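Note sheet for the following structure.
Protein chains: 6
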Amino acid sequence: MSTVGRTDNPEDHPRVKAVFDDIRRTRGSDFINNLWHYLAFDPGLLEQTWAEVKAVMGAPSALDPLTKELIYIAVSITNSCTYCVHSHTAAARAKGMTPEQHADLLRVVMLAAKTNQLANALQLPVDPEFNADHGR
Amino acid sequence: MSTVGRTDNPEDHPRVKAVFDDIRRTRGSDFINNLWHYLAFDPGLLEQTWAEVKAVMGAPSALDPLTKELIYIAVSITNSCTYCVHSHTAAARAKGMTPEQHADLLRVVMLAAKTNQLANALQLPVDPEFNADHGR
Amino acid sequence: MSTVGRTDNPEDHPRVKAVFDDIRRTRGSDFINNLWHYLAFDPGLLEQTWAEVKAVMGAPSALDPLTKELIYIAVSITNSCTYCVHSHTAAARAKGMTPEQHADLLRVVMLAAKTNQLANALQLPVDPEFNADHGR
Amino acid sequence: MSTVGRTDNPEDHPRVKAVFDDIRRTRGSDFINNLWHYLAFDPGLLEQTWAEVKAVMGAPSALDPLTKELIYIAVSITNSCTYCVHSHTAAARAKGMTPEQHADLLRVVMLAAKTNQLANALQLPVDPEFNADHGR
Amino acid sequence: MSTVGRTDNPEDHPRVKAVFDDIRRTRGSDFINNLWHYLAFDPGLLEQTWAEVKAVMGAPSALDPLTKELIYIAVSITNSCTYCVHSHTAAARAKGMTPEQHADLLRVVMLAAKTNQLANALQLPVDPEFNADHGR
Amino acid sequence: MSTVGRTDNPEDHPRVKAVFDDIRRTRGSDFINNLWHYLAFDPGLLEQTWAEVKAVMGAPSALDPLTKELIYIAVSITNSCTYCVHSHTAAARAKGMTPEQHADLLRVVMLAAKTNQLANALQLPVDPEFNADHGR
Chain A
1 MSTVGRTDNP
11 EDHPRVKAVF
21 DDIRRTRGSD
31 FINNLWHYLA
41 FDPGLLEQTW
51 AEVKAVMGAP
61 SALDPLTKEL
71 IYIAVSITNS
81 CTYCVHSHTA
91 AARAKGMTPE
101 QHADLLRVVM
111 LAAKTNQLAN
121 ALQLPVDPEF
131 NADHGR
Chain B
1001 MSTVGRTDNP
1011 EDHPRVKAVF
1021 DDIRRTRGSD
1031 FINNLWHYLA
1041 FDPGLLEQTW
1051 AEVKAVMGAP
1061 SALDPLTKEL
1071 IYIAVSITNS
1081 CTYCVHSHTA
1091 AARAKGMTPE
1101 QHADLLRVVM
1111 LAAKTNQLAN
1121 ALQLPVDPEF
1131 NADHGR
Chain C
2001 MSTVGRTDNP
2011 EDHPRVKAVF
2021 DDIRRTRGSD
2031 FINNLWHYLA
2041 FDPGLLEQTW
2051 AEVKAVMGAP
2061 SALDPLTKEL
2071 IYIAVSITNS
2081 CTYCVHSHTA
2091 AARAKGMTPE
2101 QHADLLRVVM
2111 LAAKTNQLAN
2121 ALQLPVDPEF
2131 NADHGR
Chain D
3001 MSTVGRTDNP
3011 EDHPRVKAVF
3021 DDIRRTRGSD
3031 FINNLWHYLA
3041 FDPGLLEQTW
3051 AEVKAVMGAP
3061 SALDPLTKEL
3071 IYIAVSITNS
3081 CTYCVHSHTA
3091 AARAKGMTPE
3101 QHADLLRVVM
3111 LAAKTNQLAN
3121 ALQLPVDPEF
3131 NADHGR
Chain E
4001 MSTVGRTDNP
4011 EDHPRVKAVF
4021 DDIRRTRGSD
4031 FINNLWHYLA
4041 FDPGLLEQTW
4051 AEVKAVMGAP
4061 SALDPLTKEL
4071 IYIAVSITNS
4081 CTYCVHSHTA
4091 AARAKGMTPE
4101 QHADLLRVVM
4111 LAAKTNQLAN
4121 ALQLPVDPEF
4131 NADHGR
Chain F
5001 MSTVGRTDNP
5011 EDHPRVKAVF
5021 DDIRRTRGSD
5031 FINNLWHYLA
5041 FDPGLLEQTW
5051 AEVKAVMGAP
5061 SALDPLTKEL
5071 IYIAVSITNS
5081 CTYCVHSHTA
5091 AARAKGMTPE
5101 QHADLLRVVM
5111 LAAKTNQLAN
5121 ALQLPVDPEF
5131 NADHGR
């Protein structure tokens, strides 16, 4: 059950096929998960979303691939996104996340949410020592 | 302006003093940030909160200290916690976060929120391939 | 599965029947969706909720009906409300939302969430030019 | 006070200057709001963010410019993003939002949040009539 | 700084004056807090909002007044609403909340957020024993 | 379907068995709900989580047990946590929550979310009268 229909034979559409081919090539796998199948209802949106996912998560950058997945999961948990928690926990595991690292991620995510509530409840002033905006 | 008063002379209270001493010792710094000053209104809550922060963020674990700070920031941004975003960005920088890593963190946090919205909007079914609960 | 039971024969209760009759009359349809069936456990809550939905979404106002549905969906996505995303996407479609408008809604909702994360991460000061509170 | 420093003389950097020039040209105004000044710490992030804002909010699309601003505000309110609520309320007003439309936006945003809470509290099943995924 | 201007001489408008008079009478105090002053820009919205606050928070109901304030604060913390956290913490204190009860509220709010993250992270199935919807 | 596997024969592990025994003893029931079964993948996380739930929700404190459950539900609804809304609504009912109290809880939770949106939309200044931080 979803708010748009899953596209039948999506690869009959050349722009969709080009994205699907790039997903397979980039990931080295034939598996195309549901997000891309359902996004096929709008090829422009599909292209833009995949381009950004590939650029941010797939290209070498200042943070290593597993760290990026852990950050992704942390946001997805906090936003209560069922699909994203599932897909990115699977991705993190595929990139080597151990059960101990998973438990550690949960501990940090839980502690952060807990102290977020505390600080939002106290509405305490930010220490000037934390200001990165020197001279202002 | 806050919802509880900042405690005057908090270290006159022995339980508060013990926590403050442990914060200074653990961090190797004389700086006690506002969270602990304002929490001093309830020594039990102060002790429990510090004990958990110290255990999760301070003790060696499966994830390295900087990765844990990045996850902490990601949750705090998503929960819109002004105080926590400030304090943990400062902490991450103190643990070596470079401007390039900071920008990369922002990119992942933004992408995750973006696809969280997309998946929540489409309400698409989770692929069975993501299930970690074998046989159920 | 739900946290309250669906009421059996809800229209045996005159206050529930009056609300259901008004829903059918207002919408010109015999379909009563689950929200109202489950709310029937408390007729007062049912009456108040329907009265507000009817007044805000059903009566002519400064914004047209489809725009109001798009705004409703945007909030529901952000709050991760499965039921509301489903029911209001269906409502928007019934009021004429095209697939192109749906994709455009998704683009704006995703961009907004993305820049919300960015601004919350940077904690940047609000430009005085945005202040609508003249002279204060 | 912010988590990154506002860049001094940002237009000394050619990539930053190119973005700032494009913002001025696109908007027909000399005013560059703080978001872009603070983002200048990472030219790549600045370029990507502006490119997406320009494409989604600035280019003609299936939804009119004011409707897109109202949706943007709705998400920003729900995510509690102070900066974005301010900047996009100002933008909506610049695009013609009347006080009556503003009040109507608030009414819809409030009602949506209210029924989101209700549906999340009841955890009621989604009516099969809302399913857009025919045959699945 | 706000997104609408504070109304000058709001009580020159008879509908605004009627609401302000009722607020003073209901609360037995001359103090009208900012929410109502800023809402005066739209008398209809002012009337509806006050009517609901008065009915839900002011009238005797199944929960006592302090319990209702504690629930209100819990939601406001979780939504990161600065104004509401301040105004309802003050209201709870005016209705007798002790520092010990405040600390206890914080403990529950923090624990709930923590386990919310855990359950959202694990995506575990709901036990059938929790279903209130008998026979379905 | 979940992101970690449900542990088979969890009580073969002595640390898991000790927690499960304490849950049964504390609650006076043989029923162990899914949260604890799935947490068994990491005995340390299981022990810490149960210890905190037991201390905060199970021990006598400044707020009575039912009030604490209502606060817990309010946070869980706002965070859109399906599992927690189910488990704590069941817990509140077991502690005596009546249908009238449930409806009243919903009314307060809905009103709070509604005015949170309003205050976040208006970005109105906090009245100095609400400041608890005397002299600062």
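Taken in sequence, the protein lines are chains A, B, C, D, E and F. Each residue of the first sequence is one higher than the last, beginning at 1 in my numbering. Each residue of the second sequence is one higher than the last, beginning at 1001 in my numbering. Each residue of the third sequence is one higher than the last, beginning at 2001 in my numbering. Each residue of the fourth sequence is one higher than the last, beginning at 3001 in my numbering. Each residue of the fifth sequence is one higher than the last, beginning at 4001 in my numbering. Each residue of the sixth sequence is one higher than the last, beginning at 5001 in my numbering. Built from N, CA and C at the ideal position, the CB exists for glycine as well. Since we're looking at a predicted model, the values are computed, not measured.
Burial state of residue i, where buried means 16 or more other Cβ atoms lie within 10 Å
| i | result |
| --- | --- |
| residue 104 (chain A) | buried |
| residue 1080 (chain B) | buried |
| residue 1060 (chain B) | exposed |
| residue 3055 (chain D) | exposed |
| residue 5043 (chain F) | buried |
| residue 4116 (chain E) | buried |
| residue 3026 (chain D) | exposed |
| residue 1051 (chain B) | exposed |
| residue 2120 (chain C) | buried |
| residue 1094 (chain B) | exposed |
| residue 4029 (chain E) | exposed |
Within chain B, partners of residue i - CB distance below 9 angstroms
| i | result |
| --- | --- |
| residue 5044 (chain F) | Going along chain B, no residue has its Cβ under 9 angstroms from residue 5044 (chain F), so there is no contact; the nearest lies around 10 angstroms. |
Proximal chain D residues relative to residue i, where beta-carbon distance stays under 8 angstroms
| i | result |
| --- | --- |
| residue 1085 (chain B) | 3003 |
| residue 2101 (chain C) | 3062, 3063 |
Pick from the options that is closest to residue i, judged by C-alpha positions
| i | options | result |
| --- | --- | --- |
| residue 2133 (chain C) | F:5093, F:5053, F:5122, F:5020 | F:5122 |
| residue 4062 (chain E) | F:5131, F:5098, F:5005 | F:5098 |
| residue 2002 (chain C) | D:3129, D:3131, D:3118 | D:3118 |
| residue 4067 (chain E) | F:5009, F:5125, F:5109, F:5130 | F:5109 |
| residue 1089 (chain B) | A:47, A:45, A:130, A:32 | A:130 |
| residue 5017 (chain F) | F:5037, F:5028, F:5064, F:5005 | F:5037 |
| residue 128 (chain A) | B:1106, B:1033, B:1069 | B:1033 |
| residue 2022 (chain C) | C:2053, C:2101, C:2006, C:2041 | C:2053 |
| residue 5069 (chain F) | E:4112, E:4120, E:4005 | E:4112 |
| residue 2024 (chain C) | C:2058, C:2041, C:2007 | C:2058 |
| residue 1971 (chain C) | C:2065, C:2078, C:2120 | In the structure as shown, chain C starts at 2001 and stops at 2136, and residue 1971 (chain C) therefore has no counterpart that could be examined. |
| residue 5015 (chain F) | F:5004, F:5040, F:5005, F:5028 | F:5040 |
| residue 3106 (chain D) | D:3078, D:3125, D:3087, D:3028 | D:3078 |
| residue 2011 (chain C) | C:2020, C:2005, C:2093 | C:2020 |
| residue 2007 (chain C) | C:2035, C:2031, C:2028, C:2030 | C:2035 |
| residue 2124 (chain C) | D:3100, D:3086, D:3126, D:3092 | D:3086 |
| residue 2046 (chain C) | F:5100, F:5046, F:5114 | F:5100 |
| residue 4031 (chain E) | E:4048, E:4114, E:4091, E:4102 | E:4091 |
Minimum Cβ-Cβ distance from residue i to chain I less than 8 angstroms
| i | result |
| --- | --- |
| residue 5091 (chain F) | The chain labelled as chain I is not found among the protein chains of the depicted structure, namely A, B, C, D, E and F. |
Within chain E, partners of residue i - CB distance below 7 angstroms
| i | result |
| --- | --- |
| residue 3107 (chain D) | 4045 |
Residues that residue i contacts on chain B, provided the C-beta gap is smaller than 7 angstroms
| i | result |
| --- | --- |
| residue 2082 (chain C) | 1123 |
| residue 21 (chain A) | Near residue 21 (chain A) there are no residues of chain B at all, since even the closest Cβ is about 19 angstroms away, more than 7 angstroms. |
| residue 74 (chain A) | 1071, 1074, 1075 |
Neighbouring residues, chain F, relative to residue i (Cβ below 9 angstroms)
| i | result |
| --- | --- |
| residue 40 (chain A) | The contacting residues do not exist; residue 40 (chain A) stays about 24 angstroms from chain F at best. |
| residue 3097 (chain D) | Within chain F, no residue comes near residue 3097 (chain D); the closest Cβ sits about 13 angstroms away, beyond 9 angstroms. |
Contact set between residue i and chain A, taken where Cβ atoms lie within less than 7 angstroms
| i | result |
| --- | --- |
| residue 5009 (chain F) | Those within 7 angstroms of residue 5009 (chain F) in chain A number zero; the least Cβ separation is about 17 angstroms. |
Neighbour list for residue i in chain C, Cβ cutoff strictly below 7 angstroms
| i | result |
| --- | --- |
| residue 3130 (chain D) | 2086, 2087, 2090 |
Chain-ordered neighbours of residue i on chain F, where CB pairs are closer than 8 angstroms
| i | result |
| --- | --- |
| residue 4016 (chain E) | The contacting residues do not exist; residue 4016 (chain E) stays about 16 angstroms from chain F at best. |
Beta-carbon neighbours of residue i, restricted to chain F and to distances below 7 angstroms
| i | result |
| --- | --- |
| residue 4104 (chain E) | 5061, 5062, 5063 |
Mind checking the stretch 4113-4128 of chain E against chain F and listing, in chain order, the residues whose C-beta falls within less than 9 angstroms of any C-beta there?
4113, 4114, 4115, 4116, 4117, 4118, 4119, 4120, 4121, 4122, 4123, 4124, 4125, 4126, 4127
Do three or more CB pairs link the stretch 5070-5088 of chain F to the stretch 3067-3086 of chain D at distances below 8 angstroms?
no
Any residues in the stretch 4051-4069 of chain E with a beta carbon nearer than 8 angstroms to a beta carbon of chain A? Which ones, in chain order?
none
Using a Cβ-Cβ cut-off of less than 7 angstroms, give me the residues of the stretch 5023-5038 of chain F that come near chain E, in sequence order.
5031, 5033, 5034, 5035, 5038
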